[in-house]
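**Q** The opening residue of the sequence shown carries number 1 in UniProt numbering; numbering runs sequentially from there.
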Amino acid sequence: MTTKAKLLAFTIDCAEPKKLAAFYHQITGWDIQYSEDEYAAIGDGTRSIYFGRVPDRKPVTWPSPDKQFHLDFRVPDVEKAVEEYIALGATRPEFQPGVTEEGVGWIVLQDPDGHLFCVCPEKS
């Protein structure tokens, strides 16, 4: 039997860890656990997102096969959350696979460092 692991944290490479930690703190409400120029972290007491400085990191374009990951977040009102996150520094790429003629399933945004994340509705 394989030893089962519990996810402790997810680390994101970025140019400005303090800035990105502050952004994700705002959208998740998670506490800023650590904040320095080279490294920062936010968490909810169980899980954490770490941010490590990689000064020459270049964001991928969207859509692109170079995308390596994205985060998904559930919110009660997708359009309102997107408006708020853009005001905090996110951007909304033109390509939106979750927006169809039937309505909005989810919206893809890019954080201030260019990482993709999706804003998804709460389960019905």
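C-beta: ideal position from N, C-alpha, C; glycine also.
Considering glutamine 33, what are the terminal residues of the beta strand (DSSP E) in which it resides?
**A** Here residue 33 is taken as the residue at index 33 of the sequence shown, counted from 1. Its beta strand (DSSP E) spans residues 31-35.
**Q** Using three-state DSSP, classify glutamine 26 as helix, strand or coil.
**A** Against the sequence shown, residue 26 aligns to sequence position 26. It is helical.
**Q** Using the Cβ count rule (16 or more neighbours within 10 Å means buried), how would you classify valine 119?
**A** Numbered from 1 along the sequence shown, position 119 holds the residue referred to as residue 119. The residue in question, valine 119, is buried, as its Cβ has 16 or more Cβ neighbours within 10 Å.
**Q** Taking the C-alpha atoms as reference points, what is the distance between aspartate 31 and arginine 74?
**A** In the sequence shown, counting from the first residue as 1, residue 31 sits at position 31. In the sequence shown, counting from the first residue as 1, residue 74 sits at position 74. One C-alpha to the other measures close to 18 Å.
**Q** Could you tell me the alpha carbon to alpha carbon distance between glutamate 102 and valine 78, rounded to whole angstroms?
**A** What you label residue 102 is simply residue 102 of the sequence shown in a count that begins at 1. What you label residue 78 is simply residue 78 of the sequence shown in a count that begins at 1. Whole-angstrom Cα-Cα distance: 15 Å.
**Q** Can you give me the C-alpha to C-alpha distance between glycine 29 and lysine 19, rounded to a whole angstrom?
**A** Locating residue 29 in the sequence shown gives position 29, where the first residue counts as 1. Locating residue 19 in the sequence shown gives position 19, where the first residue counts as 1. When rounded, the distance between both Cα atoms is 15 Å.
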